[in-house]
Amino acid sequence: MTTDSTSSGPSTDTVDPRPPRLVRLLWDAYDEVERVAGALPTPGQGRAIGRLNAGSWIVAHVAQQQEAYWCTGAQGLEPDEWLAGVDVGFGSEPSVPDYAESLAAFGRVSARAIPYMRSLRREDLNAVMESSGSAQTVADLLVRSIGHLFVHTGELATIASLVGAPDLGAPGRLTHSTASPPRAEG
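The sequence shown begins at 14 in the working numbering and counts up by one.
Structure follows, in structure tokens:
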């Protein structure tokens, strides 16, 4: 707890040193992509089933979106060389990139994005992300990213089920976004 002795009286607001809950929910979504993609059987990794994308396309696609928002967009980093060479954007023709490379690219993007996200605080969420091509705020892109990742994680889980994998279940405990704030010492 902090105490603020301003004219409006003392404040008992708890200061949470962690990034905002939206950021932490995005980390939970990253964990779910990794969990489900890691459990996807080989038959679902490299071929499309019906109107569903190939697992490799899905993983590369979400990696590319996360890179555009949080690595090249927010931080001005150079694009991932492998991701720059695959066509997995919205509306692109169906393709089947290498599954192991797709997973590795997602890992590289996560490793480059998370340190930036750790620096975000509540007051940063309303900042406009000029690199997004529109007047979207950091919070807007967090919400879009979270929804996008969970939708495609569901698509991966559906593919896994269709190729005979056991039920991968709903998202787990969401440990980043549901954990209690650290207790103040004193």
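All residues carry an ideal CB built from backbone N, CA and C; glycine is no exception. Values in this document were obtained by computation on a predicted structure and should not be read as measured data.
(request) On a CA-only basis, which of Gln-79, Gly-89 and Leu-162 is nearest Leu-96? Give me that one, please. (result) Gln-79
(message) Relative to the C-alpha of Glu-91, which candidate in Leu-65, Val-122 and Thr-150 has its C-alpha closest?
(response) Val-122
(message) By alpha-carbon positions, which one of Ala-124, Val-75, Tyr-82 and Ala-117 ends up nearest to Asp-100?
(response) Ranked by Cα distance from Asp-100, the first of Ala-124, Val-75, Tyr-82 and Ala-117 is Val-75.
(request) Classify Asp-93 as buried or exposed, calling it buried when 16 or more other Cβ atoms lie within 10 Å of its own Cβ. (result) buried
(request) Could you check what DSSP says for Leu-65 in three-state terms: helix, strand or coil? (result) Look at Leu-65 here: in three-state DSSP terms it is strand.
(request) Measure the alpha-carbon distance for Pro-194 versus Arg-34 and round it to whole angstroms. (result) 11 Å
(request) Below 7 Å CB to CB, which residues in the same chain sit around Arg-186 once its five sequence neighbours on both sides are set aside? (result) none
(request) Mind listing, in chain order, the continuous alpha helix (DSSP H) runs of no fewer than 4 residues lying wholly within the region 106-193? (result) 112-131, 151-175 and 188-191
(request) Confirm, please, whether the CB-CB distance from Gly-57 to Ala-148 is below 9 Å. (result) no
(request) Give the straight-line distance between the Cα atoms of Ser-69 and Tyr-112, rounded to the nearest whole angstrom. (result) Inter-residue distance for Ser-69 and Tyr-112 is about 5 Å (C-alpha atoms, whole angstroms).
(message) By the three-class DSSP mapping on this structure, what secondary structure does Leu-35 have?
(response) helix
(message) Please classify Pro-32 as buried or exposed, where buried requires at least 16 neighbouring CB atoms within 10 angstroms.
(response) buried
(message) Measuring straight from C-alpha to C-alpha, what distance separates Leu-38 and Glu-168?
(response) 19 Å
(request) Examine the ligand NAP and report whether any of its heavy atoms sits within less than 8 Å of the Cβ of Thr-85. (result) With respect to the ligand NAP, the structure offers nothing, as it holds no ligand at all.
(request) Just the C-alpha distance for Gly-182 and Leu-133, rounded to the nearest angstrom, thanks. (result) 31 Å
(request) Could you have a look at Leu-53 and say whether DSSP puts it in helix, strand or coil? (result) coil
(request) Compare the Cα-Cα distances from Val-151 to each of Asp-137, Ile-159 and Cys-84 and report the closest residue. (result) Asp-137
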